[in-house]
Structure formats: structure tokens, C-alpha cells
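First up is the structure itself, then whatever we jot down about it.
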Amino acid sequence: MKINNHKLVTDAGENAIQHFNTPNQSAGVIVPKYLIIHYTAGNNMESSVSWLMNKTAKASAHLVIGRDGKIAQLGAFNKRLWHAGPSNWLNVTDLNTHSIGIELDNSGRLSKEGDRFVNASKRTIINEEIVFATHKNETREAAWQNYPQTQLDVLKELSLLVVRHYNLIEILGHEDIAPGRKSDPGPAFPMTSFASYIFGREESTDNLFKVTTNGVNFRSAPEQRSENILGQLQKDTKVEYIITSGGWIKVLIITTNPGIEEQIGWVHNSLLKEA
Ligand SMILES: [Zn+2]
6 MKINNHKLVT DAGENAIQHF NTPNQSAGVI VPKYLIIHYT AGNNMESSVS
56 WLMNKTAKAS AHLVIGRDGK IAQLGAFNKR LWHAGPSNWL NVTDLNTHSI
106 GIELDNSGRL SKEGDRFVNA SKRTIINEEI VFATHKNETR EAAWQNYPQT
156 QLDVLKELSL LVVRHYNLIE ILGHEDIAPG RKSDPGPAFP MTSFASYIFG
206 REESTDNLFK VTTNGVNFRS APEQRSENIL GQLQKDTKVE YIITSGGWIK
256 VLIITTNPGI EEQIGWVHNS LLKEA
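Taking the numbering used here, the leading residue of the sequence shown gets 6, the next gets one more, and so forth.
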């Protein structure tokens, strides 16, 4: 996966991304500096995407990630989409002009009906998906829908990609830039560990690997097939760990290699060592 002309592009073997062009965006271009994480407070990915494509909503975000890891891009990363609303962080106001917004398909805060917990659409959320926690801007415990690991893994991958590509300086929740008015992504989202994972890589070498030899195949999928080869990595290429599958490791390329445009792909674990 890579960013081309401010849009996500996938390769053979990777899951396709749905591309839309939401009417809920401003003219002109922006230079993003922040990444803002949201929950949709919706019922599912499809209904949330269709709402954010609807003019009436007057809301949008650059990306929506489903609970199953599906990705939709609603507008180019250098366009001003409408996800933050009235907001400020340090001396920056109007975060829409300075950020990329990612919506996670998640019901958010749940309410109790009898012995069940339901979302805003009155759908019952199963016990396995419920997290009881106190929001950092509140004092009382509430029920929230969880974030599945698959969704978090995809978010991790996309965040590394956009943070690197645009040199973003910080990851914030909507709750950080509009406290009191907004509660997303809420206490079920592991913001502290997530942000330190994305930005902590310079200090920590835990997630960094080096390619051990020349001509290592860099692949779009975790399997040995000629059609998924994106190019060859040189010895000592630095890569950042994302996830593993079987004997394969999905990585983000840190040292650029001539002839390889893609930034995210798979390498066999036998060809990597800790950097
Ligand atoms: Zn939000």
C-alpha cells in the first residue's frame, strides 16, 4: 500500500479500498500536521459511509475503517474535510484545516435498556464487545463498544503511512480538541500506547528491523507467488514492524529503495533481523 496523489493505492493481493469523493469538503488544499481519531457512533460501516457522503450530514472524514478492517477513503488527504468542527489544540484552532481525520466504525457510548446495552440505533451490543470505563474528561463509568484487533491493526498501518508521508507531528482524539463537546474515540481506544507506538519508534528499536541480505523480495501479500512481488530490498534496508501472518512480517519501509514506490508490504521473517 502507498499514497499516490493524496490517495491510498493498493497492490495485487491487498484488500481493495473503496474510494469516494464526499460533497462535505472545502475548496482548496491543506497541509496536514495532525491525525485526528474518531468513532462514528454509527451502526455499521456502510451506513456511516453513506451518512458522511450525504450533504445533509455536513460532516466527513478522510478515512473510515470498518470493524473487519475494510477501508473507505472519502476525500484526498490534502483536502479540508469536515470531521473536527469547532476545535483547538495548543495555539491551533480549526483543526479541519490542519489535520487528517480517521473515523473508526464503532458505536461509542452505549445505553442500558433492561439488562442489555444498546447503541444509538437501539441495536444490542454483545457482552464480548462491551468495555466499562470512565472517560478521561468525565468522572463516572460508562459502557462503550470495543475496538477489534483487526480494526486497530489496519488503523496502525494507515497511521504509520500518513504520519510518515505528511510528517504529521501528533495523533489526537476528537475528545482532545473538542473536550466536553466530543467523547470520541473514548476510553475503549488505546490512545496512549497507540500514539507512542506510532511516534516512539525513534527512541525505541523494538519495532525496527533490518533486511539481512540483498535482493529480498518485498511482496503485496504474505505468500510466495511471483505476481505479488513489488520489488527487491537491499541489505540493511530499515523497516518498521506492523503485524505478522504465518512466517511473514508486514512492514513499513523506512529506508527508501530505488525502484520501489510502495511503502507497505510483506517480507519473510527469515530475511529480517532486529535493527
Ligand atoms: Zn469525532
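Idealized CB from N, CA, C, for every residue including glycine.
Only a predicted model underlies this, so the values are computations on that prediction, with no experimental measurement involved.
- Relative to the Cα of N26, the nearest Cα in the group Q239, G251, L68 and I8 belongs to L68.
- In this structure, the beta-carbon distance from K243 to K215 falls below 7 Å.
- Contiguous beta strand (DSSP E) elements confined to the segment 128-201 occur at 135-139, 146-150 and 175-178, taking only those with 3 or more residues.
- DSSP places T102 in the helix class (H, G or I) of the three-state scheme.
- For D189, the CB falls within less than 6 Å of some heavy atom of ligand 1.
- At least one heavy atom of ligand 1 is found less than 6 Å from the C-beta of H43.
- Here the segment 63-81 makes contact with the segment 109-116; the two share three or more CB pairs at distances below 8 Å.
- Rounded to the nearest whole angstrom, the CA to CA distance from G90 to F122 is 29 Å.
- Residue pairing by DSSP places K215 opposite K243 and K278 in a beta bridge.
- Rounded to the nearest angstrom, the gap between the Cα atoms of G71 and V34 is 27 Å.
- Within the same chain, Cβ atoms closer than 7 Å to the Cβ of E245 are found at L165, R206, N212, L213, V256, L257 and I259, the five residues on either side in sequence being excluded.
- For A77, the beta-bridge partners assigned by DSSP are Q23 and V69.
- Setting aside the 5 residues that flank it on each side, K12 is surrounded in the same chain by H24, Q78, A81 and F82, each with a C-beta closer than 8 Å to its C-beta; the list follows chain order.
- For H67, the distance from the CB to the nearest heavy atom of ligand 1 is not below 6 Å.
- In this structure, H140 has its CB at a distance of at least 6 Å from all heavy atoms of ligand 1.
- The beta-carbon separation of N262 and G220, rounded to 11 Å, does not stay under the 8 Å limit for a contact.
- The closest heavy atom of ligand 1 lies 6 Å or more from the beta carbon of H103.
- S201 and V167 have their C-alpha atoms spaced approximately 15 Å apart.
- By alpha-carbon distance to E175, the top candidate from L100, Q154 and L238 is L100.
- The shortest CA-to-CA distance from P28 to any of A21, S65 and H88 is the one to S65.
- For E118, the uninterrupted beta strand (DSSP E) run begins and ends at R114 to E118, by DSSP.
- The distance from the Cβ of S188 to that of R114 is about 6 Å, consistent with a contact at the 8 Å cut-off.
- Straight through space, the alpha carbons of A32 and T102 are spaced by roughly 11 Å.
- Cβ-Cβ distances below 6 Å link W271 to R224, P227, W253 and K255 in the same chain, with the five nearest sequence neighbours on each side left out; the list follows chain order.
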